[in-house]
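Participant: For what it's worth, the numbering used here labels the leading residue of the sequence shown as 815, then goes sequentially.
No residue lacks a Cβ here, since even glycine has one placed at the ideal position from N, Cα and C.
Just so we're clear, the structure is a prediction, and the values are computed from it rather than from any experiment.
Just passing along the structure, written as structure tokens.
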Amino acid sequence: MGSEGPTLLLLHGLAGNGAIWRPLLGELRGRWPGKIIVPDLRGHGRSPHGGQYGYGQHAADIADLLDSGERVTVVAHSMGAVVALAAASGWFGVSIGAVLGFGVKIHFTTAEIEKSHSLARLPVRWFDTRREAADRFLRLSGLTGLVSEDAEVIDAGVREENGRWRVAADPGTFSAPGPAFDELFRAAKTRVILACGSEDQMVKVEELRAFDPGAVELQGLGHNFHVQAPGALAEMVNRLLKPAQQT
């Protein structure tokens, strides 16, 4: 990756980690002109636990990774896309040139919010084997059947302590989901491009087009289409975000 163009920031979704972007990074090798930052959000993967896990806290953490005046393009999945909108508001002192958000849930019912917050209150669940913890991680992240058993995203998604295994993410991270998309979309001071797979069970393209009339639907793909078809996402990054590289 070069250093002449804008920084590309990749933000994963709830229960995931930065290693989920490995397939996309392979597609982008030699094609993105600037540096690429791929963090584990607070409480996920190999990042530390603690503090608050709301969208604003995640955006503040992201701001700490960026240099003042740095040109940044964000590609973000699901919850990560809402974090990207918060960062693009200008409230955190960073300048976001464009956001490509996909698989982002727009509307939450009261029952869905309560269910997520109830998960956040649960104690850590321990397992006797790595495989059991990995299965739990895959279910929480929606990756069951999409990655191999030796995938790096699983290595980063589970943790061993004293001979027992757990999902690496803090249960408290499930306190984040809520009805913030509308407000943060309006607050974002940048170009926002939205997309989803036609088989995504969390959002439909019609919902996205209420905010971005040009929202893209990728046929036959689901919520984690960056894992299913990284080449398709790479083409979107190169084509849809090209204007951001020239700002």
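(1) Ends of the alpha helix (DSSP H) at F1039?
(2) To the nearest angstrom, how far is the alpha carbon of V961 from that of V1041?
(3) Applying the 10 Å Cβ sphere with the 16-neighbour rule, what's the burial state of P837?
(4) Who pairs with E1031 in a beta bridge, going by DSSP?
(5) Find out if the Cβ-Cβ distance for the pair L1047, S1012 is shorter than 8 Å.
(6) So, is A1024 buried or exposed, given that buried needs 16 or more other C-beta atoms within 10 angstroms?
(7) Are the CB atoms of F988 and L828 within a distance shorter than 8 Å?
(8) In this structure, how does DSSP classify I876 when only helix, strand and coil are distinguished?
(9) Here's a check: name, in chain order, each residue in its chain whose Cβ is nearer than 7 Å to the Cβ of E841, leaving out the five neighbours to either side.
(10) Starting from V972 and walking both ways along the beta strand (DSSP E), at which residues does that stretch end?
(11) Between F941 and the rest of its own chain, which residues show a CB-CB distance below 6 Å, the 5 nearest in sequence each way excluded?
(12) Ordered along the chain, which non-local residues of its own chain (more than five positions away) have a Cβ less than 7 Å from that of A873?
(13) Under the three-state reduction of DSSP, which class applies to A925: helix, strand or coil?
(14) The alpha helix (DSSP H) with G840 in it runs from where to where?
(15) Using 10 angstroms around the beta-carbon of S903, count the other beta-carbons present and answer buried if the total reaches 16, otherwise exposed.
(16) Return the CA-CA distance between A877 and P853, expressed in angstroms with no decimal places.
(17) Just to confirm, is the Cβ distance from E1021 to I920 under 8 Å?
Facilitator: Well, looking at it:
(1) Here residue 1039 is taken as the residue at index 225 of the sequence shown, counted from 1. Annotation: the continuous alpha helix (DSSP H) that includes F1039 extends over 1039-1042.
(2) By one-based count along the sequence shown, residue 961 stands at place 147. By one-based count along the sequence shown, residue 1041 stands at place 227. Cα to Cα, the separation comes out at about 8 Å.
(3) Numbered from its first residue, the sequence shown carries residue 837 at position 23. P837 is buried by the Cβ-count criterion.
(4) The residue labelled residue 1031 in the question sits at position 217 within the sequence shown. E1031 is bridged to C1010.
(5) Sequence index remark: in the sequence shown, residue 1047 carries index 233 (1-based). Sequence index remark: in the sequence shown, residue 1012 carries index 198 (1-based). No. Outside cutoff.
(6) Translated into positions along the sequence shown, residue 1024 becomes position 210. So A1024 counts as exposed.
(7) Here residue 828 is taken as the residue at index 14 of the sequence shown, counted from 1. Here residue 988 is taken as the residue at index 174 of the sequence shown, counted from 1. Yes.
(8) Position 62 of the sequence shown, counted from the start, is the residue given in the question as residue 876. Helix at I876.
(9) Counting from 1 along the sequence shown, the entry for residue 841 is found at position 27. P1044, G1045, A1048.
(10) Here residue 972 refers to the residue found at position 158 when the sequence shown is read from its first residue. Note, V972: beta strand (DSSP E), 972-975.
(11) Sequence index remark: in the sequence shown, residue 941 carries index 127 (1-based). Closer than 6 Å at Cβ, skipping near neighbours: A947, W979.
(12) Sequence index remark: in the sequence shown, residue 873 carries index 59 (1-based). V897, A900, A901, F906.
(13) Locating residue 925 in the sequence shown gives position 111, counting from the first residue. Residue state, collapsed to three classes: helix.
(14) On the sequence shown, residue 840 is found 26 positions in, with the first residue counted as 1. For G840, the uninterrupted alpha helix (DSSP H) run begins and ends at 836-842, by DSSP.
(15) Residue mapping note: residue 903 aligns to position 89 of the sequence shown, counting from 1. It is buried - the Cβ of S903 has at least 16 other Cβ atoms within 10 Å.
(16) Here residue 877 is taken as the residue at index 63 of the sequence shown, counted from 1. Here residue 853 is taken as the residue at index 39 of the sequence shown, counted from 1. The alpha-carbon atoms of A877 and P853 are separated by roughly 12 Å.
(17) As a working mapping, residue 1021 is identified with position 207 in the sequence shown. As a working mapping, residue 920 is identified with position 106 in the sequence shown. The answer is yes: Cβ separation under 8 Å.
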